[in-house]
Amino acid sequence: MRAPLQFVLDFFTGGDPVVPTAPAVAPAVAPVLPSSEPPPASPPTGAPPLRVLPTPETTGFTHPNANRHAVLHGMTVSFLFERSRRRSIGFLVGAEGLVVRAPSWVTLREVDAAVQEKGAWIVAKLQQFKQRQTEQFQQAIEWTHGAHVPFLGGTVQLCVLERGTPLHEGSPDVQRLPVSVPPGASTTQVREVAEAWLKKQARNLFEQRLQHFAPLLGVRWSKLSLSSANTRWGSARSDGHIRLNWRLIHLPVSQIDYVVVHELAHLREMNHSPRFWETVGEVMPDYAQRRKALKQAPMGLAQD
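Residue numbers for the sequence shown follow my numbering, so the first one is -7 and each next one is one higher.
Right, here's the structure in full:
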């Protein structure tokens, strides 16, 4: 039996895959549009034809001001390229991504070759930064009684109780996250119970949103799985299996809905072609604004 196709949505990383045809340069590197701009549904009259860049099967990384990209070890790395007064080509990997600087006398072909040569180092450093940012976000939450935990764009107040202790009524204006733990429980135990509550809320909400949007798109999803990946928001398989990152529960419903619609749209178009974005726009005309907001989510995780 033929295995179902799978399309991984790297919300944490990539840029829009539809870009204007680039001048002839080294095949691994080409100009790209700023990642915050959605691809046009069709090229304007008289404009050069659009081409769809191959979508990598693994995750990638995008600098917010990227103007070039390279495929390094199977990952698309969109980076900012600048000319400088350096004597040689320089590479800087930071929280925003990769920056490559080169003196004016170095040709683009030489820059492209240098990026490929440093590919392993670049990918390793980018992965280290993303992992560090994710850990910092998780550590920023104080898993103690009374702490505020991000939830649906707002917060819920952590209410830690010893097992058997009843939960008393609190202020109706404050939503609480009840955590029942044994006496002397560690912070790690509190976090595990709290995350179990968050995952339950996430599954319930995701199922509701899938059931709402699937009929509007004329598709059927067969299964929902929660993901804990540090590199992507979700994925969709051609057999209707949808995976969504449970950490989306920290974000506003408008951004969650964008992820849900994006994944369901892949059940019609397993790509990021203009037709795919038209499909998304059928039920979510403002998807570009929602996508931009998702990119700015304070979770230490890059976006698609």
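Just so it is clear, CB atoms sit at the ideal spot from N, CA and C, and this is done for glycine as well.
* Asked: By how many angstroms is the C-alpha of residue 151 removed from the C-alpha of residue 175?
  -> For this step, residue 175 is matched to residue 183 along the sequence shown. For this step, residue 151 is matched to residue 159 along the sequence shown. Using only the alpha carbons, I get a separation of about 14 Å.
* To do: Using three-state DSSP, classify residue 114 as helix, strand or coil.
  => In the sequence shown, counting from the first residue as 1, residue 114 sits at position 122. In the structure shown, residue 114 sits in a helix (DSSP, three-state: H, G or I).
* Asked: Within this structure, are the beta carbons of residue 216 and residue 226 separated by less than 8 Å?
  -> As a working note, residue 216 is residue 224 in the sequence shown. As a working note, residue 226 is residue 234 in the sequence shown. No. Outside cutoff.
* To do: Using alpha carbons as the reference points, say which of 105, 238 and 92 lies closest to residue 191.
  => Reading the sequence shown from its first residue, position 199 is the one you call residue 191. The shortest Cα separation from residue 191 among 105, 238 and 92 belongs to 238.
* Using 8 Å as the Cβ pair cut-off and three pairs as the minimum, do the segment 207 to 216 and the segment 257 to 270 touch? -> yes
* **Pick from 79, 220 and 136 that is closest to residue 173, judged by C-alpha positions** => Locating residue 173 in the sequence shown gives position 181, where the first residue counts as 1. The candidate whose alpha carbon is nearest that of residue 173 is 136.
* Asked: How is the alpha helix (DSSP H) around residue 204 delimited, first residue to last?
  -> By 1-based counting over the sequence shown, the position of residue 204 is 212. Taken as a continuous stretch (DSSP letters only), the alpha helix (DSSP H) holding residue 204 covers 179 to 209.
* Under the three-state reduction of DSSP, which class applies to residue 149: helix, strand or coil? -> Taking the sequence shown and counting its residues from 1, one reaches residue 149 at position 157. Correct three-state label for residue 149: strand.
* To do: Tell me whether residue 70 is buried or exposed, calling it buried when 16 or more other Cβ atoms sit within 10 Å of its Cβ.
  => Taking the first residue of the sequence shown as 1, we reach residue 70 at position 78. By the 10 Å Cβ count, residue 70 comes out buried.
* **Option nearest residue 201 by Cα separation, candidates 248, 268 and 171** => Counting from 1 along the sequence shown, the entry for residue 201 is found at position 209. Nearest of 248, 268 and 171 to residue 201, Cα basis: 248.
* Asked: When DSSP labels each residue in this structure, what does residue 29 get in the three-state scheme?
  -> Position 37 of the sequence shown, counted from the first residue, corresponds to residue 29. For residue 29, the predicted model reports a pLDDT of 36, less than 50, meaning its position is unreliable; a value from the coordinates is still stated below. Three-state result, residue 29: coil.
* **Rounded straight-line distance, which links the Cα of residue 286 to that of residue 276** => Here residue 276 refers to the residue found at position 284 when the sequence shown is read from its first residue. Here residue 286 refers to the residue found at position 294 when the sequence shown is read from its first residue. Approximately 15 Å between the Cα atoms of the pair.
* Asked: Apart from the five residues on each side of it in sequence, which residues of its chain come closer than 6 Å, Cβ to Cβ, to residue 28?
  -> Your numbering for residue 28 matches position 36 in the sequence shown. Confidence is the limiting factor: at residue 28 the pLDDT is only 33, short of 50, which leaves the residue's position unreliable, though a coordinate-based value still follows. For residue 28, where only same-chain residues beyond five positions count, the Cβ hits under 6 Å are 284.
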